[in-house]
Ligand code: GLA
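Numbering (this note's numbering), first residue to last: 39 to 421.
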């Protein structure tokens with residue numbers, strides 16, 4: 039994250055003035071995909087890529103925001119009817135509105151921001167942006183909002199101003215991230231535990247297919263709807279069921295003839311995936327990385343064949359990982375494009391990366407991007 043670059047752009051666009059600088063990261067997720075909005079478990083960690091913003095109160099009731107990367111400037115007020123048109127600015131506006139709805143008193147500010155977390159690659163650039171502003175405004179206006187609520191402000195921004203009915207994982211990881219640790223989060227109770235993650239002899243690497251998740255938001259919301267349909271059917275006979283988290287595979291079979299075949303497949307994936315997170319935690323506790331890897335492949339299979347959020351390119355990268363003896367590999371994040379996350383033995387790393395890059399180029403004529411993962415701290419003030 040290039041802090042000096044943000045500082046110099048801010049100075050240039052806002053008459054040489056200086057504000058405070060804040061940053062929030064994107065995230066990886068070792069396992070537990072599409073489980074968060076089903077009340078299940080996830081296992082993310084913050085990364086060393088994210089968003090940096092400089093902010094200074096301007097004494098008006100207007101926000102003047104500059105996206106350094108897009109070279110785009112937008113000004114908006116803080117009332118509901120002042121929503122900006124630029125999609126990037128909706129994230130900042132949404133965070134402001136969600137703070138105001140919670141009783142937070144804020145006023146206008148000048149801001150410039152930039153990020154090095156790739157957009158649309160499944161590393162949660164949007165959560166990084168939301169968390170940066172939620173954290174910063176809470177600090178600058180001394181609002182006293184706790185970290186759980188800061189994460190929820192980001193999530194509500196997605197729901198109410200972006201149109202994605204996401205779970206809490208990305209914003210939680212971006213706010214609560216801790217260097218060197220993954221977070222096992224129970225998305226129903228929001229209880230969480232840090233798991234120091236340093237698998238000796240292995241590397242975690244992301245392969246970015248550079249396929250952007252197109253149509254992702256509507257397809258994402260449809261997946262969520264399928265899960266809710268199954269829950270609604272089960273509630274008739276099992277009134278305690280609140281989320282798919284409360285449903286076993288045997289219970290699911292009871293509604294097989296009532297729900298659509300598609301909804302059934304989606305629920306099957308989620309129920310199995312929630313269990314896989316717990317299995318991976320158990321395996322990590324005894325340093326059993328082979329089991330961790332095996333579960334990652336199972337997740338990929340489920341996301342591709344049951345939940346149907348993979349794509350041809352990601353399946354291809356998963357196959358290469360298998361062929362090269364990579365311990366674990368799967369599509370990461372919401373899907374429909376973006377990255378695979380791979381856990382690979384150090385001695386197999388070079389051959390794997392080389393093979394992946396060359397075969398991907400030969401097959402799709404696209405340049406794969408490779409990101410080594412450094413698990414890092416969450417939202418913070420830099421200066
Ligand atoms: C996106 C959403 C998260 C989560 C993942 C899939 O990143 O923002 O809430 O549902 O997809 O695990």
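Ideal placement from N, C-alpha and C gives every residue a C-beta, glycine not left out.
Computed from a predicted model, the values in this text were never measured in an experiment.
Proximity below 8 Å, CB of residue i to CB of residue j
i: residue 149; j: residue 121; result: no
i: residue 377; j: residue 161; result: yes
i: residue 233; j: residue 322; result: yes
i: residue 255; j: residue 201; result: yes
i: residue 374; j: residue 257; result: yes
i: residue 116; j: residue 144; result: yes
i: residue 362; j: residue 386; result: yes
i: residue 365; j: residue 327; result: yes
i: residue 175; j: residue 133; result: yes
i: residue 347; j: residue 262; result: no
i: residue 58; j: residue 343; result: no
Distance between residue j and residue i (C-alpha atoms, nearest Å)
i: residue 74; j: residue 97; result: 39 Å
i: residue 319; j: residue 48; result: 43 Å
i: residue 230; j: residue 211; result: 11 Å
i: residue 108; j: residue 355; result: 30 Å
i: residue 209; j: residue 306; result: 26 Å
i: residue 382; j: residue 333; result: 14 Å
i: residue 304; j: residue 264; result: 7 Å
i: residue 198; j: residue 53; result: 34 Å
i: residue 404; j: residue 247; result: 8 Å
i: residue 224; j: residue 91; result: 30 Å
i: residue 273; j: residue 290; result: 11 Å
Other residues of its chain near residue i: CB distance less than 6 Å, five sequence neighbours each side excluded
i: residue 271; result: 293, 296 and 297
i: residue 130; result: 103 and 171
i: residue 275; result: none
i: residue 196; result: 202 and 204
i: residue 87; result: 64, 154 and 155
Neighbourhood of residue i by C-beta distance below 8 Å, restricted to the same chain and skipping five residues each side
i: residue 55; result: 48, 49, 94 and 148
i: residue 312; result: 70, 73, 76, 78, 79, 282 and 283
i: residue 384; result: 239, 240 and 241
Residue i - partner residues in DSSP beta bridges
i: residue 152; result: 90
i: residue 100; result: 115
i: residue 95; result: 147
Own chain, CB closer than 7 Å to residue i, minus 5 neighbours either side, in chain order
i: residue 301; result: 264, 267 and 268
Which full runs of the alpha helix (DSSP H) of 4+ residues lie inside the region 286 to 332, going along the chain?
Secondary structure within the region 286 to 332: the alpha helix (DSSP H) runs of 4 or more consecutive residues, fully enclosed, are 287 to 292 and 299 to 323 (chain order).
Which complete alpha helix (DSSP H) runs does the region 216 to 294 hold, if anything under 4 residues is left out?
254 to 273 and 287 to 292
Segments of 3+ residues assigned as beta strand (DSSP E) that fall wholly inside the region 356 to 391:
366 to 369 and 377 to 383
Only counting runs of 4 or more residues, tell me where the alpha helix (DSSP H) segments fall wholly within the region 118 to 191, in order along the chain.
125 to 139 and 163 to 178
For ligand 2, which residues count as neighbours when the test is a C-beta closer than 5 Å to any heavy atom?
This structure lacks ligand 2; its bound ligands are ligand 1.
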